[in-house]
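Mapping the sequence shown onto full-length UniProt numbering, position 53 (from 1) lands on 53, and the numbers just tick up by one.
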Amino acid sequence: MRIEARNLGWREIVRGVSVEIRKGETFGLVGPNGSGKSTLLRLLAGLMPRAAGEVWLDGAPLAQLSRRQIAQRLALVEQFADTGEALSVRDAVDLGRTPWLSPLSPFGPEDRQIVDRALAAVGMEGMAARAWATLSGGERQRVHIARALAQEPRVLILDEPTNHLDIHHQLALLGLVAALPVTVVMALHDLNQAMMCDRLGVMSDGRMVACGKPAEVLTPDNLARIFRVRAQPMIDPSDGSTLFRFLPMETST
Ligand SMILES: Nc1ncnc2c1ncn2[C@@H]1O[C@H](COP(=O)(O)OP(=O)(O)OP(=O)(O)O)[C@@H](O)[C@H]1O
């Protein structure tokens with residue numbers, strides 16, 4: 001599903017962002033702390049009241065869809081997502097099926113299979129019966145992702161999805177997300193991980209100041225200007241991919 005932002009804004013925090021994210025694309029959002037990434041993701045999910053501009057999903061304005069219709073198309077995992085303490089892991093992931101249920105089509109065996117697959121996709125199938133309150137930060141993050149997968153969205157919006165995850169689960173999650181046949185928009189802080197995205201949008205002070213293929217936008221000049229680091233590009237000889245080593249900027253006295 002294609003997702004398109006037209007002149008999106010909220011207060012002074014996100015200003016005039018227009019971007020078209022293609023069907024099946026993995027689109028990364030990078031930028032310094034406070035540059036407006038989370039706010040832009042919430043705007044794309046239609047969650048900010050009194051927002052300026054418009055979001056279109058496959059040519060349909062988001063504003064004309066009901067919450068249920070939006071939830072059948074789009075799932076958002078927020079950075080500090082929480083869930084009711086009394087839930088089990090399976091209960092939490094079952095919630096992802098809510099937009100698809102109705103009195104005439106209650107939770108059934110097919111929903112259960114979808115939930116099982118979502119738990120397995122994030123490696124949490126062995127913890128389905130565990131109480132949410134007993135999970136570690138990384139396990140909670142994986143359950144949130146499983147809940148979003150169980151929603152079977154066509155657009156998946158993730159705010160720093162590798163937060164709290166150990167390196168194995170970070171790479172597993174990024175591999176999973178890249179292989180999903182859905183459009184993914186995700187905020188990332190690790191710029192080497194961001195290099196794996198199809199395209200990147202760079203946020204700075206509420207504006208999208210660059211958008212394009214990772215190697216085109218994460219240039220040493222942009223990294224110095226926007227992220228205030230010195231970036232030393234290095235080539236991995238095993239596959240020719242570019243990695244960065246980051247160094248502090250030399251301060252002038
Ligand atoms: N509801 C709000 N009211 C006032 N200011 C807000 C609100 N939400 C966000 N902000 C401010 O807007 C700016 C952008 O916040 P946002 O969370 O979108 O940034 P971010 O790029 O996701 O940051 P980080 O990398 O630290 O997660 C920040 O300065 C934040 O303090």
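Each residue gets a CB set at the ideal place from its N, CA and C atoms; glycine is no exception.
Excluding the 5 residues flanking Ala-179 on each side, which residues of the same chain have their C-beta closer than 6 Å to its C-beta? So no residue of the chain qualifies.
Val-19, DSSP secondary structure in three states: strand
Answer yes or no: do Gly-201 and Val-55 have a C-beta to C-beta separation smaller than 9 Å? In this structure, Val-55 does not lie closer than 9 Å to Gly-201 by Cβ.
Under a Cβ-count criterion, where at least 16 other Cβ atoms within 10 Å of its own Cβ denotes burial, should Arg-144 be classed as buried or exposed? Note on residue identity: the sequence assigns His, not Arg, to residue 144. The residue in question, His-144, is buried, as its Cβ has 16 or more Cβ neighbours within 10 Å.
Quick one: grab the DSSP three-state call for Gly-28. strand
Could you give the DSSP three-state label for Gln-151: helix, strand or coil? coil
Test item: CB-CB of Leu-44 and Leu-87 under 9 Å: No; because the gap between Cβ atoms is not below 9 Å, this pair is not in contact.
Return the first residue and the last residue of the beta strand (DSSP E) that residue 254 is part of. This structure cannot settle anything about residue 254, because the visible part of the chain is limited to 1 through 253.
What residue from Val-115, Phe-246, Ala-60, Thr-98 has the CA that sits closest to Ala-71's CA? Thr-98
Would you say the beta carbon of Thr-162 comes nearer than 8 Å to a heavy atom of ligand 1? Distances taken from the Cβ of Thr-162 to the heavy atoms of ligand 1 include none shorter than 8 Å.
Which of the three DSSP states is assigned to Leu-243 in this structure? For Leu-243, the secondary structure class from DSSP, reduced to helix, strand or coil, is strand.
Reducing DSSP to helix, strand and coil, say where Ser-102 ends up. strand
Closer than 8 Å: Ala-187 CB and nearest ligand 1 heavy atom: yes
Indicate, with yes or no, if ligand 1 has a heavy atom lying under 8 Å from the CB of Asp-190. no
Please report the straight-line C-alpha distance between Ala-120 and His-169, rounded to a whole angstrom. Here the alpha carbon of Ala-120 sits roughly 13 Å from the alpha carbon of His-169.
Quick check on this structure: which residue in Asp-236, Asp-198, Asp-221, Asp-205 has the alpha carbon closest to the alpha carbon of Ile-13? Asp-205
For Glu-216, does the three-state DSSP call read helix, strand or coil? helix
Spatial neighbours of Met-1 within its chain, please: C-beta separation below 7 Å, excluding the five flanking residues on both sides. Lys-23, Leu-57, Asp-58, Arg-73, Arg-154, Val-155, Thr-183
Residues in the same chain with beta-carbon distance under 8 Å from Arg-68, minus the five sequence neighbours each way, listed in chain order, please. Pro-99
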